[in-house]
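*Asks:* Take 0 as the starting number for the sequence shown in numbering that gives the first Met the number 0 and just add one per residue.
By construction, the Cβ of each residue, glycine as well, lies at the ideal position given by its N, Cα and C atoms.
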Amino acid sequence: MTTPAERTTALMQARDFLLALSTVKKLDAAALRSRAQSLLRHYPDPGMIGLIADSTEWLEGKQDEPERPAPLVKNVELPPLPSSVTDDTRLNGNFFENFRQRELESLRARIRTGDLLPAEEFRRRLRASSEALRQLVVEGSVFAIDVDGLCYFPSLLVDERYDREKLFSICRIIWPAHPTVRLHFLTSRRGNLGGLTPLECLADNKRYRVLRGAAWAESVDSYRTSVSAYAGLHDTEPSDVSPSYSVAADVDPRLGFWKRGLRTLKDHGFTGVFPPYEQLREATIFISQIRGGSTTPDEGAKLGFSIDGSYASVNVERFVSKESQYLRVPLTGTETIEDSMRAIFRELWNRGAR
């Protein structure tokens, strides 16, 4: 879920990074690699920079380049906001309901034009049994979109112009994304694909390999895992206390819950509290995973731990399953809060905890 603001920040920080690198006398390879990876996480790809160059007077694209495909973004007429709307009332229910209604009308129009097919018609064109279709849906090879309580499948999934094996493989990669996001991914022109759509990349093996990388990035960007820690024990995440630790990262939701927690601690994709970190003998940890575009976490957990001697007593509460667990983890109290969380998450992962 890389945002325009994050890409802009990456560009500005890259300049600072290069300036610092040009004057440094002693190189720390590990630190340089870590910093470079952090910047590249949100740095615009060449295709996107080329598109930016074509649309601004501040950057000049190559004069001898062939004509680029149509712009990635179409002009869409959005519902106007009344002039009386203030910042405090802009994000109201009616406003977003208007957008949801427009999306629904767009999906209904796709049904009328045959871009979305009823399940039975889709199965007939696919030449598959009901059981075979069900299995394809379960494994993510095909997907359906809910419109007025009924399931409709994109007709492009049975379009004979596209290599079905490759197309289904891409669908399995982007499975974590919402069905409408998957459809948009397959049909929209993308800067990291040189202005082509994923469907246009299926016919060329080299472009298909690039497409697979873009698809993996899309699937990871669909979910964000966040980890926060607060000194002391708390029943709920406090709003009047500053966290002692706060990071978030876009992590593949197909990884186990505690593995995603470990990956978030490692990646530091979005850092709310910077090191050095505190050493806490008693703390509460909140970890959650949220789908892009949603405001409610899909799953999460609260962990409270207290260190006594050379062990930490840890109470784990999962929010969705309502399961709880108690364990003891070797800790001395001299570890930073990040090291403590890493040890706890690793222990839970090794135990196969869900």
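Which same chain residues, not among the five before or five after leucine 198, have their C-beta less than 8 Å away from its C-beta?
*Replies:* Translated into the one-based positions of the sequence shown, residue 198 becomes position 199. Same-chain partners within the cutoff: Leu155, Tyr161, Leu166, Leu185 and Thr186.
*Asks:* Residues bridged to isoleucine 286 by DSSP?
*Replies:* What you label residue 286 is simply residue 287 of the sequence shown in a count that begins at 1. DSSP lists Val226 and Ala300 as partners of isoleucine 286.
*Asks:* How long is the line joining the alpha carbons of phenylalanine 152 and phenylalanine 98, rounded to whole angstroms?
*Replies:* Here residue 152 corresponds to residue number 153 of the sequence shown, with the count starting at 1. Here residue 98 corresponds to residue number 99 of the sequence shown, with the count starting at 1. Straight-line Cα distance between these residues: approximately 22 Å.
*Asks:* Which residue from Thr22, Ala35 and Ala29 puts its Cα closest to that of alanine 13?
*Replies:* Against the sequence shown, residue 13 aligns to sequence position 14. Nearest option by C-alpha distance: Ala35.
*Asks:* Go ahead and pull the three-state DSSP assignment for phenylalanine 273.
*Replies:* Reading the sequence shown from its first residue, position 274 is the one you call residue 273. The answer is coil: DSSP assigns phenylalanine 273 none of H, G, I, E or B.
*Asks:* Which value, in whole angstroms, describes the spacing of the CA atoms of alanine 28 and arginine 171?
*Replies:* One-based indexing of the sequence shown puts residue 28 at position 29. One-based indexing of the sequence shown puts residue 171 at position 172. Roughly 37 Å between the two C-alpha positions.
*Asks:* So, under 8 Å CB-CB, alanine 228 and threonine 283 are touching, yes? Tell me the CB distance rounded to an integer number of Å.
*Replies:* Here residue 228 refers to the residue found at position 229 of the sequence shown. Here residue 283 refers to the residue found at position 284 of the sequence shown. Indeed, because the Cβ distance is near 7 Å, the residues count as touching under 8 Å.
*Asks:* For the segment 219–238 against the segment 187–207, are there 3 or more C-beta pairs whose distance is under 8 Å?
*Replies:* Taking 8 Å as the limit for Cβ pairs, the verdict is that the segment 187–207 does not touch the segment 219–238.
*Asks:* Does the Cβ of aspartate 325 have 16 or more other Cβ atoms within 10 Å, making it buried, or fewer, making it exposed?
*Replies:* Against the sequence shown, residue 325 aligns to sequence position 326. According to the sequence displayed, residue 325 carries tyrosine and not aspartate. Its Cβ having fewer than 16 others within 10 Å, tyrosine 325 is exposed.
*Asks:* Quick test of the definition: if touching needs 3 or more C-beta pairs under 8 Å, does the segment 228–243 touch the segment 251–266?
*Replies:* No, they do not touch.
*Asks:* If I follow the unbroken alpha helix (DSSP H) through glutamine 134, where does it start and stop?
*Replies:* Reading the sequence shown from its first residue, position 135 is the one you call residue 134. Run containing glutamine 134: 129–138, per the alpha helix (DSSP H) assignment.
*Asks:* By DSSP, does phenylalanine 142 sit in helix, in strand, or in coil?
*Replies:* Mapped onto the sequence shown, residue 142 falls at position 143. In the structure shown, phenylalanine 142 sits in coil (DSSP, three-state: anything other than H, G, I, E or B).
*Asks:* Can you say whether arginine 133 is buried or exposed, counting buried as having 16 or more other CB atoms within 10 angstroms of its CB?
*Replies:* Translated into the one-based positions of the sequence shown, residue 133 becomes position 134. It is exposed - the Cβ of arginine 133 has fewer than 16 other Cβ atoms within 10 Å.
*Asks:* Arginine 350: which of Trp257, Arg290, Thr7 and Arg317 sits nearest, CA to CA?
*Replies:* By 1-based counting over the sequence shown, the position of residue 350 is 351. That would be Trp257, whose Cα lies nearest to the Cα of arginine 350.
*Asks:* Relative to the C-alpha of glutamate 334, which residue among Leu279, Ala30 and Glu120 is closest?
*Replies:* By 1-based counting over the sequence shown, the position of residue 334 is 335. Considering only alpha carbons, the answer is Leu279.
*Asks:* With a 10 Å radius around its C-beta and 16 neighbouring C-beta atoms as the bar for buried, classify serine 241 as buried or exposed.
*Replies:* Along the sequence shown, one-based indexing puts residue 241 at 242. It is exposed - the Cβ of serine 241 has fewer than 16 other Cβ atoms within 10 Å.
*Asks:* Taking only three categories from DSSP, how would you classify leucine 201?
*Replies:* Walking along the sequence shown from the start, residue 201 turns up at place 202. The answer is coil: DSSP assigns leucine 201 none of H, G, I, E or B.
*Asks:* Among Arg32, Ser105 and Leu39, which has the Cα closest to the Cα of threonine 7?
*Replies:* Position 8 of the sequence shown holds residue 7. Nearest C-alpha to threonine 7: Leu39.
*Asks:* Cutting at 6 Å between CB atoms, please list the residues of its own chain near lysine 301, excluding the five before and the five after it.
*Replies:* Start at 1 with the first residue of the sequence shown, and residue 301 comes out as number 302. Within the same chain, lysine 301 has close Cβ partners Phe285 and Glu316.
*Asks:* Can you tell me whether aspartate 114 is helix, strand or coil according to DSSP?
*Replies:* By one-based count along the sequence shown, residue 114 stands at place 115. Correct three-state label for aspartate 114: coil.
*Asks:* Could you check which residue in Gly260, Pro178 and Arg163 has the C-alpha nearest to that of aspartate 338?
*Replies:* Within the sequence shown, the letter at position 339 stands for residue 338. Of the listed residues, the one whose Cα sits closest to aspartate 338 is Gly260.
*Asks:* When DSSP labels each residue in this structure, what does alanine 35 get in the three-state scheme?
*Replies:* As a first step, residue 35 is located in the sequence shown; it is residue number 36 there, counting from the start. Helix at alanine 35.
*Asks:* Taking only the alpha-carbon atoms, compute the straight-line gap between leucine 71 and alanine 213 and give it to the nearest angstrom.
*Replies:* Counting from 1 along the sequence shown, the entry for residue 71 is found at position 72. Counting from 1 along the sequence shown, the entry for residue 213 is found at position 214. In this prediction, leucine 71 has a pLDDT of 44, which is less than 50 and means its spatial position is unreliable; nothing more can be read from the coordinates.
*Asks:* If you follow the alpha helix (DSSP H) that asparagine 349 is part of, which residue opens it and which one closes it?
*Replies:* One-based indexing of the sequence shown puts residue 349 at position 350. From DSSP, the alpha helix (DSSP H) with asparagine 349 extends over 336–349.
*Asks:* Please report the residue range of the beta strand (DSSP E) in which valine 328 lies.
*Replies:* Here residue 328 corresponds to residue number 329 of the sequence shown, with the count starting at 1. Element bounds for valine 328: 323–329.
*Asks:* Does the ligand HEM have a heavy atom nearer than 8 Å to the CB of phenylalanine 318?
*Replies:* Annotation note on the ligand HEM: not contained in the displayed structure, which lists no ligands.
*Asks:* Who pairs with proline 153 in a beta bridge, going by DSSP?
*Replies:* As a working note, residue 153 is residue 154 in the sequence shown. Answer is Leu115, bridged to proline 153.
*Asks:* Grouping DSSP H, G and I as helix and E and B as strand, with all else coil, what is serine 105?
*Replies:* Here residue 105 is taken as the residue at index 106 of the sequence shown, counted from 1. Three-state result, serine 105: helix.
*Asks:* Applying the 10 Å Cβ sphere with the 16-neighbour rule, what's the burial state of valine 137?
*Replies:* Against the sequence shown, residue 137 aligns to sequence position 138. Per the 10 Å Cβ criterion, exposed.
*Asks:* Are there 16 or more other CB atoms within 10 angstroms of the CB of leucine 210, so buried, or fewer, so exposed?
*Replies:* Numbered from 1 along the sequence shown, position 211 holds the residue referred to as residue 210. Its Cβ being crowded by 16 or more others within 10 Å, leucine 210 is buried.
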